[in-house]
Amino acid sequence: MLGGREAGGRYLDCAGRRLSLERTRVMGVLNITPDSFSDGGRFARGATSLADVLTAAEGMIAGGAAILDVGGESTRPGAPAVSVAEELDRVLPVLERLVALDTIVSIDTRKAEVAAAALAAGCHMINDVSGLSNPAMLDVVAASQAAVCIMHMQGSPETMQRDPRYADVVTEVRGELAARVSRARAAGMTDNRLCIDPGFGFGKTLAHNLALFIGLESLRVDGLPILVGVSRKRMIGDLTGAPVERRQAGSVAAAVLAAERGADLVRVHDVAETVDALKVLEAVRA
Ligand code: HH2
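Position 75 of the sequence shown, counting from 1, maps to 283 under my numbering, and the rest follow consecutively.
Written as structure tokens, this is what we have:
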């Protein structure tokens, strides 16, 4: 089966909200963390933060985001662990407000307890950078109607960038993603709820990231949608020499190139700029 299909074409079923994938869609990043490498502290400054987050979320929706991805734990290399209680404290008030908006809401978490609470709050998608490696997470997601993004990571955020190694990065990442997809199917998940992500920067050197980017289409598992997240990452910094606050142009270029190589979803911080760039790509696509 080629992912979800209906009369209107390919789609992702996000707890009843159908996200058409006939063109590349944009997922906006909302990190409610003091320490994310890309936008850390932006929304974690105390009493005014909820209003700030909602304003940013509305701006992303107006800018053309199809999904908002809310995270309460930084996964940058070496980031300190966050407790379940702390993570819930950061994300739940935001999720409760966002689900009332006309958008698809995703929770970026590795914790089954956080995923369960987010689903109870009405969240439509689970974005698990550990790729459903925790059986409790698999159970929570499978028992819901939510979509899931299964991401590949070698190691854990604490250690992943120390010395990542692969014999053949594209073959290995694809193989591991396929195994996780099989596990999700065995737990009862249908293909129209699944998408996969090679996990740029998660246990990968620049050479690994580039090989995965160039080989994106060969990573596809049974026609499932592919999500690409490279926005503001070190990969963009390495290629451009720009510090994190000046990686917008490189990130937008990467999103367009990912879309051209088959990405169905791009996870970005600069939503409106990326949406505009993808419109140009659509117009000139053969
Ligand atoms: N990257 C980050 C976090 N979540 N999820 C998916 N599916 N794919 C990604 O590539 C991905 C992700 C890391 O980026 P960011 O959220 O900007 O930083 P931090 O983890 O420091 O909050």
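All C-beta atoms in this analysis are idealised placements derived from N, C-alpha and C, irrespective of residue type, glycine included.
{"query": "For residue 240, the three-state DSSP class (helix, strand or coil)", "result": "coil"}
{"query": "Residues that DSSP places opposite residue 221 in a beta bridge", "result": "226"}
{"query": "Residue environment, residue 433, which counts as buried when at least 16 other CB atoms sit within 10 Å", "result": "buried"}
{"query": "Proximity of residue 335 and residue 320 at Cβ, strictly below 7 Å", "result": "no"}
{"query": "Local conformation of residue 400 per DSSP, three classes", "result": "helix"}
{"query": "Spatial distance of residue 482 from residue 464 (CA atoms)", "result": "8 Å"}
{"query": "Where the alpha helix (DSSP H) through residue 467 begins and ends", "result": "456-468"}
{"query": "The ligand HH2 heavy atom lying under 6 Å from the CB of residue 314", "result": "no"}
{"query": "Assigned secondary structure, residue 255 (DSSP; H/G/I helix, E/B strand, else coil)", "result": "Bear in mind that a pLDDT of 43 at residue 255, under 50, signals an unreliable position, so the model cannot answer this."}
{"query": "Spatial distance of residue 413 from residue 443 (CA atoms)", "result": "8 Å"}
{"query": "When 458, 401, 479 and 397 are compared against residue 238, the one with the closest alpha-carbon", "result": "479"}
{"query": "Alpha-carbon spacing of residue 332 relative to residue 355, whole angstroms", "result": "6 Å"}
{"query": "DSSP three-state assignment for residue 484, whether helix, strand or coil", "result": "helix"}
{"query": "C-beta neighbour in chain D for residue 436, strict 7 Å", "result": "In the displayed structure, chain D is absent; only one protein chain is listed."}
{"query": "Residue span of the alpha helix (DSSP H) that contains residue 422, given as start and end", "result": "414-422"}
{"query": "Residue 492 beta carbon less than 7 Å from that of residue 466", "result": "no"}
{"query": "Three-state class that DSSP yields for residue 352 in the structure shown", "result": "coil"}
{"query": "Cα-Cα separation, residue 420 to residue 471", "result": "12 Å"}
{"query": "For residue 316, three-class secondary structure by DSSP", "result": "strand"}
{"query": "Residue 346 burial status per 10 Å Cβ neighbour count (16 or more: buried)", "result": "buried"}
{"query": "Check: residue 221 C-beta below 6 Å from any heavy atom of the ligand HH2", "result": "no"}
{"query": "Limits of the unbroken alpha helix (DSSP H) element including residue 381", "result": "377-394"}
{"query": "Where the beta strand (DSSP E) through residue 444 begins and ends", "result": "Where residue 444 is concerned, there is no enclosing beta strand (DSSP E), although the alpha helix (DSSP H) it sits in stretches over 442-448."}
{"query": "For residue 242 and residue 257, the rounded distance between their alpha carbons", "result": "11 Å"}
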